[in-house]
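Numbering (my numbering), first residue to last: 24 to 273. See structure below.
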């Protein structure tokens with residue numbers, strides 16, 4: 024081998040050795056649960072057994088963030104220990120007069136987020152402009168951190184209204200995602216992927232987001248995060264399965 028080429032090979036090997044292996048992406052697990060825990064819908068309400076099962080699923084899946092629908096505000100402290108007593112946020116669904124929807128025990132009813140990290144985020148929430156004619160006005164809840172924005176939501180059971188709400192939720196987050204922020208939106212969208220009848224949840228997606236779902240109405244949209252796999256676990260004490268979407272953070 025010519026001397027110049029040999030020297031070049033030696034230099035390249037030395038530089039590679041100094042640089043070391045590239046940093047591996049970190050897993051980021053999002054667990055979505057609709058717990059039907061208000062007591063209003065008696066067909067799927069199972070009381071304390073629901074929270075016990077939810078805690079078991081959390082322990083098994085070890086999510087970094089938990090997105091919750093159809094819970095009572097005071098369910099959060101009962102689920103927080105399994106999440107390492109991290110940062111949490113809650114937003115009640117609203118009645119037409121603006122007051123919170125209530126569980127049968129009198130507690131506020133709505134959507135929650137629990138992050139495994141104790142770092143405090145900035146919470147923002149709101150009610151969608153488009154609503155159906157029912158007594159529950161649908162809302163979203165979000166927490167924003169220096170390096171991450173995460174939201175949870177539960178949309179209308181009326182298809183065209185749910186689609187409008189879904190598009191509004193994506194639009195709410197899209198500027199952050201386009202700017203390169205790691206962003207996710209999880210929840211029960213009451214929209215399916217490629218249904219035989221009704222709107223397709225994929226039609227509310229917009230780049231740079233991608234979507235992963237449970238084969239039914241629960242989904243996670245994410246941007247500037249990698250994708251690893253989806254796990255769907257049957258649950259006995261609520262009418263929705265557990266949806267785990269395993270992502271990666273750079």
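A virtual CB, placed ideally from N, CA and C, is assigned to each residue, including glycine. Since the model is a prediction, treat every value here as computed from it, not as a measurement.
Selection from the options that minimises the alpha carbon distance to residue i
{"i": "residue 204", "options": "75, 68, 232 and 118", "result": "232"}
{"i": "residue 260", "options": "236, 253, 73 and 60", "result": "73"}
{"i": "residue 127", "options": "97, 271 and 89", "result": "97"}
{"i": "residue 79", "options": "243, 106 and 62", "result": "106"}
{"i": "residue 241", "options": "95, 265, 60 and 230", "result": "265"}
{"i": "residue 170", "options": "272, 130, 91 and 151", "result": "272"}
{"i": "residue 58", "options": "129, 269 and 262", "result": "262"}
{"i": "residue 151", "options": "145, 118 and 167", "result": "118"}
Cβ distance (whole Å) where residue i is taken to contact residue j below 8 Å
{"i": "residue 217", "j": "residue 223", "result": "6 Å"}
{"i": "residue 130", "j": "residue 95", "result": "4 Å"}
{"i": "residue 209", "j": "residue 160", "result": "The Cβ separation is near 20 Å, so there is no contact."}
{"i": "residue 192", "j": "residue 181", "result": "About 16 Å separates the two Cβ atoms, so there is no contact after all."}
Length of the line joining the Cα atoms of residue i and residue j
{"i": "residue 156", "j": "residue 162", "result": "15 Å"}
{"i": "residue 251", "j": "residue 267", "result": "11 Å"}
{"i": "residue 246", "j": "residue 190", "result": "15 Å"}
{"i": "residue 207", "j": "residue 165", "result": "10 Å"}
{"i": "residue 84", "j": "residue 50", "result": "12 Å"}
{"i": "residue 141", "j": "residue 219", "result": "43 Å"}
{"i": "residue 270", "j": "residue 90", "result": "15 Å"}
{"i": "residue 258", "j": "residue 149", "result": "29 Å"}
{"i": "residue 67", "j": "residue 61", "result": "10 Å"}
{"i": "residue 255", "j": "residue 237", "result": "6 Å"}
{"i": "residue 109", "j": "residue 138", "result": "5 Å"}
{"i": "residue 187", "j": "residue 86", "result": "29 Å"}
{"i": "residue 200", "j": "residue 54", "result": "20 Å"}
{"i": "residue 225", "j": "residue 81", "result": "28 Å"}
{"i": "residue 147", "j": "residue 244", "result": "18 Å"}
{"i": "residue 92", "j": "residue 47", "result": "33 Å"}
{"i": "residue 88", "j": "residue 132", "result": "20 Å"}
{"i": "residue 253", "j": "residue 56", "result": "14 Å"}
{"i": "residue 172", "j": "residue 228", "result": "17 Å"}
Backbone secondary structure at residue i - three-state DSSP
{"i": "residue 131", "result": "strand"}
{"i": "residue 75", "result": "helix"}
{"i": "residue 95", "result": "strand"}
{"i": "residue 32", "result": "Because the pLDDT of residue 32 is 38, which lies under 50, any placement of that residue in the model is unreliable, and the number read from its coordinates should be weighed accordingly. It is helical."}
{"i": "residue 208", "result": "strand"}
{"i": "residue 63", "result": "coil"}
{"i": "residue 203", "result": "coil"}
{"i": "residue 178", "result": "coil"}
{"i": "residue 190", "result": "helix"}
Contact check, residue i vs residue j, beta carbons under 8 Å
{"i": "residue 153", "j": "residue 124", "result": "no"}
{"i": "residue 77", "j": "residue 102", "result": "yes"}
{"i": "residue 113", "j": "residue 144", "result": "no"}
{"i": "residue 179", "j": "residue 213", "result": "yes"}
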